[in-house]
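2 protein chains.
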Amino acid sequence: MTDKTLIVSAPGKVILHGEHAVVHGKVALAVSLNLRTYLQIGLCSNGRVQINLPNIDTCLSWESAALQFLLTTIDADVLNPKAASQEQVDKLRQFAGIPDGCVDTRSLAILCFLYLYGAISASSRYCLPSMEILVWSELPTGAGLGSSAAYSVCLAAALLTANESIACPVPEENGTVRWAEDELELINKWAFQGEKLIHGNPSGVDNAVGTWGGALKYHAGKIMPLNRIPTLRILLTNTKVPRSTKTLVAGVKDKLNKFPSIIGPILNSIDAISCECERTLAAIVAGDSTEESYAVLEELIDINQHHLNVIGVGHSSLDRLCQATALHSLHSKLTGAGGGGCGITLLRPDTSPSVVEASKRALNDMGYDCWETNIGGHGVSLHSPSSLQRDVSQLLTRLTDCQ
Amino acid sequence: MTDKTLIVSAPGKVILHGEHAVVHGKVALAVSLNLRTYLQIGLCSNGRVQINLPNIDTCLSWESAALQFLLTTIDADVLNPKAASQEQVDKLRQFAGIPDGCVDTRSLAILCFLYLYGAISASSRYCLPSMEILVWSELPTGAGLGSSAAYSVCLAAALLTANESIACPVPEENGTVRWAEDELELINKWAFQGEKLIHGNPSGVDNAVGTWGGALKYHAGKIMPLNRIPTLRILLTNTKVPRSTKTLVAGVKDKLNKFPSIIGPILNSIDAISCECERTLAAIVAGDSTEESYAVLEELIDINQHHLNVIGVGHSSLDRLCQATALHSLHSKLTGAGGGGCGITLLRPDTSPSVVEASKRALNDMGYDCWETNIGGHGVSLHSPSSLQRDVSQLLTRLTDCQ
Numbered sequence: 001m002t003d004k005t006l007i008v009s010a011p012g013k014v015i016l017h018g019e020h021a022v023v024h025g026k027v028a029l030a031v032s033l034n035l036r037t038y039l040q041i042g043l044c045s046n047g048r049v050q051i052n053l054p055n056i057d058t059c060l061s062w063e064s065a066a067l068q069f070l071l072t073t074i075d076a077d078v079l080n081p082k083a084a085s086q087e088q089v090d091k092l093r094q095f096a097g098i099p100d101g102c103v104d105t106r107s108l109a110i111l112c113f114l115y116l117y118g119a120i121s122a123s124s125r126y127c128l129p130s131m132e133i134l135v136w137s138e139l140p141t142g143a144g145l146g147s148s149a150a151y152s153v154c155l156a157a158a159l160l161t162a163n164e165s166i167a168c169p170v171p172e173e174n175g176t177v178r179w180a181e182d183e184l185e186l187i188n189k190w191a192f193q194g195e196k197l198i199h200g201n202p203s204g205v206d207n208a209v210g211t212w213g214g215a216l217k218y219h220a221g222k223i224m225p226l227n228r229i230p231t232l233r234i235l236l237t238n239t240k241v242p243r244s245t246k247t248l249v250a251g252v253k254d255k256l257n258k259f260p261s262i263i264g265p266i267l268n269s270i271d272a273i274s275c276e277c278e279r280t281l282a283a284i285v286a287g288d289s290t291e292e293s294y295a296v297l298e299e300l301i302d303i304n305q306h307h308l309n310v311i312g313v314g315h316s317s318l319d320r321l322c323q324a325t326a327l328h329s330l331h332s333k334l335t336g337a338g339g340g341g342c343g344i345t346l347l348r349p350d351t352s353p354s355v356v357e358a359s360k361r362a363l364n365d366m367g368y369d370c371w372e373t374n375i376g377g378h379g380v381s382l383h384s385p386s387s388l389q390r391d392v393s394q395l396l397t398r399l400t401d402c403q
Numbered sequence: 001m002t003d004k005t006l007i008v009s010a011p012g013k014v015i016l017h018g019e020h021a022v023v024h025g026k027v028a029l030a031v032s033l034n035l036r037t038y039l040q041i042g043l044c045s046n047g048r049v050q051i052n053l054p055n056i057d058t059c060l061s062w063e064s065a066a067l068q069f070l071l072t073t074i075d076a077d078v079l080n081p082k083a084a085s086q087e088q089v090d091k092l093r094q095f096a097g098i099p100d101g102c103v104d105t106r107s108l109a110i111l112c113f114l115y116l117y118g119a120i121s122a123s124s125r126y127c128l129p130s131m132e133i134l135v136w137s138e139l140p141t142g143a144g145l146g147s148s149a150a151y152s153v154c155l156a157a158a159l160l161t162a163n164e165s166i167a168c169p170v171p172e173e174n175g176t177v178r179w180a181e182d183e184l185e186l187i188n189k190w191a192f193q194g195e196k197l198i199h200g201n202p203s204g205v206d207n208a209v210g211t212w213g214g215a216l217k218y219h220a221g222k223i224m225p226l227n228r229i230p231t232l233r234i235l236l237t238n239t240k241v242p243r244s245t246k247t248l249v250a251g252v253k254d255k256l257n258k259f260p261s262i263i264g265p266i267l268n269s270i271d272a273i274s275c276e277c278e279r280t281l282a283a284i285v286a287g288d289s290t291e292e293s294y295a296v297l298e299e300l301i302d303i304n305q306h307h308l309n310v311i312g313v314g315h316s317s318l319d320r321l322c323q324a325t326a327l328h329s330l331h332s333k334l335t336g337a338g339g340g341g342c343g344i345t346l347l348r349p350d351t352s353p354s355v356v357e358a359s360k361r362a363l364n365d366m367g368y369d370c371w372e373t374n375i376g377g378h379g380v381s382l383h384s385p386s387s388l389q390r391d392v393s394q395l396l397t398r399l400t401d402c403q
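Chains as they are written, first to last, in full-length UniProt numbering: chain A, 1 to 403; chain B, 1 to 403.
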């Protein structure tokens with residue numbers, strides 16, 4: 001087992017096109033969102049296991065001895081990830097004092113950690129390692145940005161690396177490295193088990209994006225990575241208007257049942273938008289008439305935003321977002337469930353800092369959270385401390401010192 | 001020939017659904033707009049023919065003798081309307097001093113009058129009748145509201161009635177009457193010839209709506225009247241933003257060529273909206289769950305407005321119109337060519353006067369013209385002077401006195 005402190009990170013995800021339509025058998029494009037979750041893992045010899053989740057004000061610590069029950073409860077093979085059984089989940093809940101049916105973020109994060117820690121460690125050891133884990137995320141939780149998947153991916157990558165089930169690639173000074181393809185496969189599979197604990201029946205899209213980054217196509221339950229995807233600058237805005245994904249999905253279904261010949265074609269149009277977007281992203285990578293390609297991306301965003309309003313998942317907060325950015329000639333759409341939640345605004349490579357700042361200011365003035373970031377970037381990564389952005393590095397150091 | 005003064009009126013038209021999509025073989029619904037054109041015709045014995053068009057500051061008067069050339073130029077059969085030949089048009093232009101290629105409203109209105117007057121009168125007489133005609137319209141011209149068709153319909157109805165080619169139904173005191181079906185057919189056919197002189201290659205939709213009122217379905221060049229249509233209250237708003245129908249139509253075609261699989265389904269969805277609207281109008285007439293039917297009409301308006309934006313014929317002036325009325329829970333869409341021009345806002349039977357007033361005020365404050373009126377009402381009609389709304393009656397009297 002490695003004795004170094006490791007820092008890993010995984011991106012969030014946004015749906016670029018195809019939200020809701022995907023429920024009705026159409027193509028969706030999911031892309032990595034470079035708001036990342038960082039996990040620092042340090043192996044220690046104090047006989048304790050600690051997990052610190054400052055975003056949700058949670059820090060738990062157990063005697064390793066108290067966790068020994070995991071070895072008998074979880075009979076896992078590290079190379080063949082499998083989901084927690086109901087019986088295992090019940091035992092983990094009982095141990096952590098989480099009542100049945102308790103599905104708050106904190107409870108689910110703890111259950112996810114205990115299962116992945118137990119399954120990945122127990123499968124290759126007779127005794128459980130002592131460690132301190134610190135997870136900090138740039139992603140808001142519950143906003144449809146794949147924060148739970150980023151957490152699961154980081155946990156899987158860190159635990160698998162820590163117990164040497166996968167290699168520990170050495171980042172150069174100031175560097176960031178990634179794992180080999182088969183190791184990413186393993187990380188993704190364990191992360192998916194974590195996601196199942198948290199979400200019950202996840203699509204697997206979020207953990208795949210968290211693991212591989214870039215973009216993927218999701219269609220009829222199948223996940224297909226896109227080979228050629230540029231990194232695109234965006235504004236990611238959280239309107240903070242709460243919504244129920246379930247209610248929104250049901251609303252679209254009702255509308256489709258009410259007006260099949262009106263709404264059906266819209267879903268087909270959204271499908272075609274995803275496909276056109278895929279072609280356009282490939283054209284940008286190939287360097288074909290970039291200016292024109294960006295204009296197409298903008299047009300697709302505008303069209304889809306109209307379609308999403310038509311199928312009933314718009315919201316006045318999102319209309320205001322679109323209007324505010326349109327004043328700066330920027331194009332926005334909701335991403336994910338809609339009905340509030342988050343929106344993305346495409347920035348061109350040459351969009352000036354003053355336009356970006358003015359747009360952010362306008363969105364902040366409306367009470368929204370807004371990040372300038374990018375999509376389509378790398379997936380789960382291992383960082384040398386010096387390779388981290390200074391603010392992230394300082395934050396992790398400060399949080400470590402507080403432990 | 002009747003020796004009374006006759007007053008006839010014909011409605012304008014709006015496209016309820018299907019504008020632009022109709023160009024691509026989809027269904028459009030056109031309905032009568034109760035902003036009307038009024039024509040007062042008085043036969044006299046002063047040997048003169050006068051036409052007064054105060055909306056366009058035009059009043060022309062000729063000696064009947066000077067118009068005798070029409071008898072030889074136009075060899076028409078009143079029961080078999082036919083279009084003016086190029087040679088006839090040339091002679092009319094020459095007579096009226098309208099240079100070739102001159103297509104301003106005034107020139108076209110005069111040509112239309114001369115042709116209909118000549119053709120309808122000449123076909124049944126050896127000498128031309130002396131008359132004074134006054135036409136006044138509530139319809140703005142060039143706004144896609146069928147003002148030229150309402151003018152042609154009024155001219156045809158008045159001239160045919162004046163020379164007894166069709167009966168002169170006697171309106172009761174305070175009454176309004178209409179012609180028999182075969183007479184309406186004849187009025188419509190002559191009005192269509194007038195429209196051809198003005199527009200070159202009209203669809204025939206506008207004059208059909210002006211003649212029969214109500215609503216009609218237009219599909220693949222065929223005009224089918226709808227049997228069951230309620231009168232709906234609306235606001236008709238003219239943003240007064242000028243636009244080129246030709247450019248807008250070409251833009252939709254370009255967009256369809258650029259993104260066939262994205263835009264094609266939208267046109268199908270618009271087609272389905274027209275059909276659903278037709279069903280819903282019939283349900284309202286049948287008295288089926290009116291509340292629900294109005295909610296459907298509102299939903300169709302919202303969806304179509306999004307679609308019209310998607311196909312590129314929206315405009316910020318129309319967005320503002322929709323937003324302003326949405327603040328009062330009213331639903332609006334553009335009507336006709338888009339890119340500015342006019343919009344319609346549906347009012348429910350129970351929409352309160354205060355909501356209507358507030359909406360009108362908001363729209364006026366934006367610099368738009370706004371009328372509270374209705375759609376689906378009656379077509380060309382003959383009025384007793386006392387049956388006219390007092391303001392129309394006073395206006396016609398005042399304008400007559402000025403002649």
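Cβ atoms here follow ideal geometry from the backbone N, Cα and C, with glycine treated the same way.
For the candidate residues Leu318/B, Ala337/B, Ser293/B, Gln40/B, whose alpha-carbon lies nearest to that of Ser244/B?
-> Ala337/B
Test: His328/B CB closer than 8 Å to a CB of chain A = no
Could you confirm whether any beta carbon from chain A is found closer than 8 Å to the beta carbon of Pro353/B?
-> Chain A contact via Cβ: absent.
With respect to 7 Å, is the separation between the Cβ of Ser137/A and the closest non-hydrogen atom of the ligand FAD below this value?
-> Looking for the ligand FAD in the displayed structure turns up nothing, as the structure carries no ligands at all.
Have a look at Pro140/A and Glu63/A and give me their C-alpha separation to the nearest angstrom.
-> 31 Å
Segment contact flag, the segment 306-314 of chain B with the segment 334-353 of chain B, C-beta cutoff 8 Å, min 3 pairs = yes
Using the rule of at least 16 other Cβ atoms within 10 Å of the residue's Cβ for burial, across every protein chain shown, is Ser61/A buried or exposed?
-> exposed
Among Leu236/B, Lys217/B, Arg48/B, which one has its Cα closest to the Cα of Ala272/B?
-> Lys217/B
Would you mind sorting Pro11/B into buried or exposed? The rule is 16 or more other CB atoms within 10 Å of its CB.
-> Around the CB of Pro11/B, 16 or more other CB atoms lie within 10 Å, so the residue is classed as buried.
Exposed or buried, what is Asn364/B when buried is set at 16 or more other beta-carbons lying within 10 Å of its beta-carbon?
-> exposed
Can you list, in chain order, the stretches of the alpha helix (DSSP H) that have 4 or more residues and sit fully within the segment 332-399 of chain A?
-> The alpha helix (DSSP H) runs lying completely inside the segment 332-399 of chain A and spanning 4 residues or more are 353-365, given in chain order.
Can you round the beta-carbon distance between Leu226/B and Glu298/B to whole angstroms, since I take them to be within the 8 Å contact cut?
-> That pair is no contact at about 20 Å.
For Pro11/A, write down the residues that DSSP places opposite it in a beta bridge.
-> Arg36/A
Is the beta carbon of Ser381/B sitting closer than 8 Å to the one on Arg93/B?
-> No, the pair does not count as a contact, with Cβ atoms beyond the cut-off.
Measure from the C-beta of Ala324/B to each C-beta in chain A and report whether the shortest distance is under 8 Å.
-> Under the Cβ distance rule, Ala324/B does not count among the residues neighbouring chain A, no pair being separated by less than 8 Å.
Starting from Lys189/A, follow the beta strand (DSSP E) in both directions and report where the run begins and ends.
-> Here Lys189/A belongs to no beta strand (DSSP E); instead the alpha helix (DSSP H) covers 181-199.
Determine the contact status of Ile7/A and Ala30/A, defining contact as a CB-CB distance below 8 Å.
-> no
Does Thr171/A come within less than 8 Å of chain B when only Cβ atoms are used?
-> Here residue 171/A turns out to be Pro, not Thr, going by the sequence shown. Cβ-Cβ to chain B under 8 Å: no for Pro171/A.
Return the CA-CA distance between His328/A and Leu334/A, expressed in angstroms with no decimal places.
-> About 17 Å.
Terminal residues of the alpha helix (DSSP H) in which Val310/A lies | 290-310
Say whether chain A places a C-beta atom closer than 8 Å to the C-beta of Asn309/B.
-> yes
Note down, one range per segment and in chain order, each alpha helix (DSSP H) of at least 4 residues found wholly within the segment 195-239 of chain B.
-> 205-212
Beta-carbon neighbours of Ile284/A, restricted to chain B and to distances below 8 Å | None at all; the shortest Cβ gap to chain B is about 17 Å.
Rounded to a whole number of angstroms, what is the C-alpha to C-alpha distance between residue 415/A and Asn374/A?
-> Because residue 415/A is not part of the residues shown, which for chain A are 1 to 403, the question remains open.
What runs of the alpha helix (DSSP H), each 4 residues or longer, lie entirely inside the segment 68-125 of chain B?
-> 69-73, 86-96, 105-122
Let me know if Asp57/A comes out buried or exposed under the rule of 16 or more other beta-carbons within 10 Å of its beta-carbon.
-> exposed
CA-CA distance, Leu160/A and Ser121/A?
-> 8 Å
Per DSSP, what kind of secondary structure is Ile166/B in: helix, strand or coil?
-> Under the three-state reduction of DSSP output, Ile166/B falls in the coil class, being neither helix nor strand.
Does the beta-carbon of Arg361/B have 16 or more other beta-carbons within 10 angstroms, so that it is buried, or is it exposed?
-> exposed
Leaving out five residues before and five after Ala96/A in sequence, what residues of the same chain have Cβ atoms less than 6 Å from its Cβ?
-> Ile110
Since Ala119/B meets chain A, which of its residues come closer than 8 Å, beta carbon to beta carbon?
-> None at all; the shortest Cβ gap to chain A is about 45 Å.
Name the residue from Gly47/B, Glu138/B, Leu43/B, Pro242/B whose alpha carbon lies nearest to the alpha carbon of Ala65/B.
-> Gly47/B
Taking just the CA atoms, how far does Gln40/B sit from Leu396/B?
-> 8 Å
Which of the three DSSP states, helix, strand or coil, is assigned to Val22/B?
-> helix
Count the other C-beta atoms from every protein chain shown that fall within 10 angstroms of the C-beta of Gly146/A, then say buried if there are 16 or more, exposed otherwise.
-> With 16 or more Cβ atoms within 10 Å of its Cβ, Gly146/A is classed as buried.
Inter-residue spacing [alpha-carbon to alpha-carbon] between residue 405/A and Leu116/A = The shown model of chain A, from 1 to 403, leaves out residue 405/A, and the question about it has no answer.
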